[in-house]
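K.L.:
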Amino acid sequence: MKLYHHPISTYSQKVLIALYEKDLDFEREIVQLMDPEKRAVYREVYPMGKIPLLVDGEHRVPESSIIIEYIDRMGERRLIKGDADQQRKIRFKDRMFDLYLNEAVVTLLFQGMKPEEQRDAERIENAWHRIKTMYMFMENEFGGQDYANGDEFLMADCAAAPALLYAQKVAPFSEHKNIVAYWERLKSRPSVARTINEAAPYIEAMEKQAAA
């Protein structure tokens, strides 16, 4: 298997966490989408030009959640488990973290890198609304459970970790004690810690470039 990704990409991080949790062997190729020439080369592999992408023999598997669904049949560790209703709830939380937290956090991150006069006030306002709504939901949820779907780290937690990594700076959650405790649990997992460490130099470079 080969994963096309970038360490700074939240959806790439989500898949990396899942791969590390499942202890699967894979090759990796970092895709520089900001470089026009390298982006053009990657489009020959995947015309949509999005990451992550998992290639397994003849199979080309895009989209983070679909990749995790694909690899979850491998090995013994399961990230989507239980009966049909339990699996539906796992997928629901996964979608919530992707669509309502991650997308909003990434919006704030990239809007914040633009000169103030170029920022989209409406997009920023909408992002904050979604984040505040998610924080209220999460604070309530994590008052009685360790992870997104109970006491075990599953697919939805793979989605939450990258969003919270960037949210620390652009949408701090320090006033939400249950989210803070959840984030500490996530960071303590080897899969999440490894992914954060791999991303760290790229995040530092991005921040320096934005400040220049």
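Take 16 as the starting number for the sequence shown in my numbering and just add one per residue. We put the beta carbon where it would ideally sit given N, CA and C, even for glycine. Just so it is clear, the structure is predicted and the values come from calculations on it, not from any experiment.
1. Unbroken beta strand (DSSP E) runs of length 3 or more, entirely within the region 41-92: which are they?
2. Who are the Cβ neighbours of L7 in its own chain at under 6 Å, not counting the five residues just before and after it?
3. Checking 8 Å against the spacing of the C-beta atoms, do K244 and M89 come in under that value?
4. Does the Cβ of A214 have 16 or more other Cβ atoms within 10 Å, making it buried, or fewer, making it exposed?
5. Mind checking who G165 pairs with in its DSSP beta bridge?
6. Specify the secondary structure class of L114 as computed by DSSP and reduced to three states.
7. Count the CB pairs spanning the region 19-30 and the region 46-61 that are closer than 8 Å, and state whether there are at least three.
8. Considering only C-alpha positions, which residue in the set K96, N212, M170, F157 is nearest to K192?
P.N.:
Concretely, from the data shown:
1. The region 41-92 contains, as complete beta strand (DSSP E) runs of 3+ residues, the segments 42-45, 68-71, 74-77 (chain order).
2. Because the chain is modelled from 16 through 227, residue 7 falls outside the range shown and cannot be assessed.
3. No answer is possible for residue 244: it lies beyond the span of the chain, which begins at 16 and ends at 227.
4. Sequence index remark: in the sequence shown, residue 214 carries index 199 (1-based). By the 16-neighbour rule on beta-carbons within 10 angstroms, A214 is buried.
5. As a position in the sequence shown, residue 165 is number 150, starting the count at 1. Answer is Y162.
6. As a working mapping, residue 114 is identified with position 99 in the sequence shown. Under the three-state reduction of DSSP, L114 is assigned to helix.
7. By the Cβ criterion, the region 19-30 is in contact with the region 46-61, since at least three pairs of Cβ atoms, one from each stretch, lie closer than 8 Å.
8. If you number the sequence shown from 1, residue 192 lands on position 177. Among K96, N212, M170, F157, the Cα nearest to that of K192 is on F157.
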